[in-house]
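Take any residue in the sequence shown, count from 1 to its spot, add 15: that is its number in the working numbering.
Glycine included, every Cβ here is placed at the ideal spot set by N, Cα and C.
See below for the structure under consideration.
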Amino acid sequence: MPVISERLGKILYGLLFVAVLPAFLVAWAFFSGQNVHLPIIGTFEFGASVALIGATVIAAGVMALRIHGDGLPMSPYPPKHFVVKGIYRYVPHPIYVGFSILCFGASIAAQSASGLWLVSPIVILGCVALVEGFEKHDLVKRFGSSLPKPLIHIPSDDDNPPAMWDRISVFILVFLPWLILYEAVRTLGVPNDGFCVFLPFENKLPVWEWTEAIYASAYVLVLAVPIVAGSRRALRKFSVGGWIGTAVTILIFLTIPIVATPRPFVPGGFLGEILMFERTKDTAAAAFPSFHVLWTLFAARVFASRFPSLRQLWWIWAALISAGCITTGMHAMADVLAAIVVYFLVTRLRSVWDFIHSSSEKLSNSWKEWRLGPVRVINHGMFAGIGTFIGVTIVGWLIGPAHVASVLIVAVLGLVISALWAQFIEGSPKLLRPYGYYGGVVGVIVGAFIATLLGTNVWLLLASFCVAGPWIQSFGRLRCLIQGCCHGHEARPEIGIRYTHPRSRVCRLSNLSGVPIHPTPVYSILWNVVIAFVVTRLWFVHAPFGLIAGMYLILGGLGRFVEEAYRGEPQTPIVGGLRLYQWIALLSVVVGAVSTALPVTGTPVAPQFSWESLIAGLGFGLFTWFALGVDFPDSKRRFARLV
């Protein structure tokens, strides 16, 4: 009987990923096409070729697991051996890589804008979430933490000279993704609402053609970094900086519509012709911050470490490149300064994290409470109050003062059902009053439908609350830090924060007092900032309401899936190898995908400041503060206590 059960399980699992998932993605791309109006690129022949490459990579991965791992790519029925042969000698997750390539190729072949710009990028994020939220931890559990690296990898953090594959890996893992993302931004074109940051006097500056010789030197010397770097540590810093710098800058390109149209000039020589040709391959939409400056600064750091006697020369070169961005008319001063700021933050990530780490640890142990007769006031409630004040005010401004009553209905239902969720889904003693995030999501949806009785468009409410949602949740996570809920499991000391306050749930319920644990509320806040940028931009480009709501659910679900893998709350049940909220996060992604494909009518309008919205936000903020920060510790009534 167990053999039959396992065989049936394998068949169903195989059908899920070989038939059901591809069919879902195809249907998603087809139906969401009505809501995604972006450029279509390439030809059928090109797309089919890319898809064939992806399929070949998938087949190679499956064969390697079957031959060398004695198994199939099935998480519930994993291979018996860790595979380092075949295509796994080169890349760690070839099936996911191949599937991502296949999705892009199929989208191009089908000339599907939605498949190219929506479905395929989400597939990549989904693969990353699956690895980070499950497979990485499962591999360590089964085979240990000292797993061999594939040939294509980020160089190690040591002073040994880079090997050939260390150098090749930088071209594949750092430069190639940057090129693809940059070309994607260029393909999207200049946004209609883009604004220029050239100062008035900058528009009058002349274009010095001869400085193109300095400006263009960046292409050669940046590409030479992997070849010239003298240590793996230097190459690793360059790679990690390139990754993070690319991610931050591309996010800014896509969400903040700053453009820099090059200053006009008439070519007067060879260098002028080169400069003019370069402009045809560039875009005004990918200027703030300047990648030219950012890559040059990363490269200068490597060259300065490789040739210390010429250290000053390399930084002078970087300064000349930065100046050349202005003298060639390619960038505004603001573009250059923004790149310097990004470089400063990226190269000091350790200091930035140390600040975040120490601040969150202090906040985590800052529990304070005051007794006023039978009433107890706890300090963490103010963060929930601030979050809902900001959120309700944002929603009110987005949809207008005429809908303030509807906004309050949705907000109240969100709070009430979040409390009921914590009681019945998570389970809680009758006297306690916890709250659950996903209950809040359900409450907002229920409230939005009820508010239609007042004549407010349900999708207008849902989309606007999704724009405000990341800020509400971020402030709520600050409350989590103090209360000790949503906490992580054990972590390395340089990452983990220590709880010592006896009131914290970490110390009372988890036996982790004084133990470094993952600051999962901080992880949530950081990811919610990214979500906020994305959904806010979608609102201001007048994207369909269903697309805004769907992207919030998708991105929130993917982030929560990963976050849950680092959580350590003892009350969360494990179902089928995943934590309960990982399953709910996956459901969130599916519901979000469906939302982006619905034929929803109506698009966002310009925000309207109103005192009514501000007053409503203040009132609900005070109500939330009371609900989440004030209790009656001596009472025997249900829901009387927060602790």
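- The beta carbon of S129 sits closer than 6 Å to the beta carbons of A44, S47, G48 and V51 from its chain, once the five residues preceding and following it are set aside; these are given in chain order.
- Burial of D350 is indicated by the presence of at least 16 other C-beta atoms within 10 angstroms of its C-beta.
- Relative to I137, the option among A125, R656 and S115 whose CA is nearest is S115.
- The three-state secondary structure of V530, taken from DSSP, is coil.
- A275 and F213 have their C-alpha atoms roughly 7 Å apart.
- The C-beta distance from A66 to I102 rounds to 17 Å, too long to meet the 8 Å contact threshold.
- With a contact defined as Cβ atoms closer than 8 Å, G592 and P91 qualify at about 7 Å.
- For E384, the enclosing beta strand (DSSP E) stretches over residues E384 to L387.
- Counting C-beta pairs with one atom in each stretch, the segment 411-424 and the segment 452-471 have three or more that are closer than 8 Å, which means they touch.
- The alpha helix (DSSP H) runs of length 4 or more contained entirely in the segment 311-343 are, from start to end of the chain, 326-342.
- By the CB criterion at 7 Å, H504 and V521 fall outside the cutoff.
- The three-state secondary structure of G101, taken from DSSP, is helix.
- Going by DSSP, R391 is part of the beta strand (DSSP E) stretching over V390 to I393.
- Contact between the segment 398-416 and the segment 625-639 is present, with at least three C-beta pairs closer than 8 Å.
- In this structure, A483 keeps its C-beta atom at 7 Å or more from the C-beta atom of G565.
- Note that the C-beta distance between V281 and V357 is not below 7 Å.
- Looking only at I195, E627, Q623 and C340, the smallest Cα-Cα distance to L290 is reached by C340.
- In the displayed model, F280 falls within coil according to three-state DSSP, outside both helix and strand.
- Assignment of L637 by DSSP, reduced to helix, strand and coil, places it in the helix class.
- Counting C-beta pairs with one atom in each stretch, the segment 196-211 and the segment 299-316 have three or more that are closer than 8 Å, which means they touch.
- In the three-state reduction of the DSSP assignment, L214 falls in the coil class.
- About 4 Å separates the beta carbons of A354 and S305, which is inside the 8 Å limit, making them a contact pair.
- Approximately 4 Å separates the beta-carbon atoms of I273 and F303; this is inside 8 Å, confirming the contact.
- The residues A275, A302, S305 and C340, in chain order, have a CB closer than 6 Å to that of H346 in the same chain once the five nearest residues on each side in sequence are set aside.
- Cα atoms of F190 and L309: separation of roughly 13 Å, rounded to the nearest angstrom.
- Here E509 carries a coil assignment [DSSP, helix/strand/coil].
- Close CB contacts of V237 within its chain, under the 7 Å cut and outside five residues either way in sequence, are with W310, T311 and A314 (chain order).
- Under the 10 Å beta carbon count, P619 is surrounded by 16 or more other beta carbons and is classified as buried.
- Between P622 and I546, the beta carbon gap of about 19 Å keeps them out of contact (Cβ cut-off 8 Å).
- Nearest C-alpha to P170 among S184, V427 and V431: S184.
- Annotation for L447: no alpha helix (DSSP H) segment contains it, and DSSP assigns it neither H nor E.
- The beta carbon of P534 sits closer than 6 Å to those of S375 and I512, all from its chain and outside the five residues before and after it, given in chain order.
- Positions of the alpha helix (DSSP H) runs, each at least 4 residues long and wholly inside the segment 415-470, are given as 419-436 and 452-466 in order along the chain.
- For the pair V537 and G572, the CB atoms are not nearer than the 7 Å cut-off.
- L613 and G561 do touch by the CB rule: their CB atoms are close to 4 Å apart, below 8 Å.
- In this structure, the beta-carbon distance from I123 to G204 does not fall below 7 Å.
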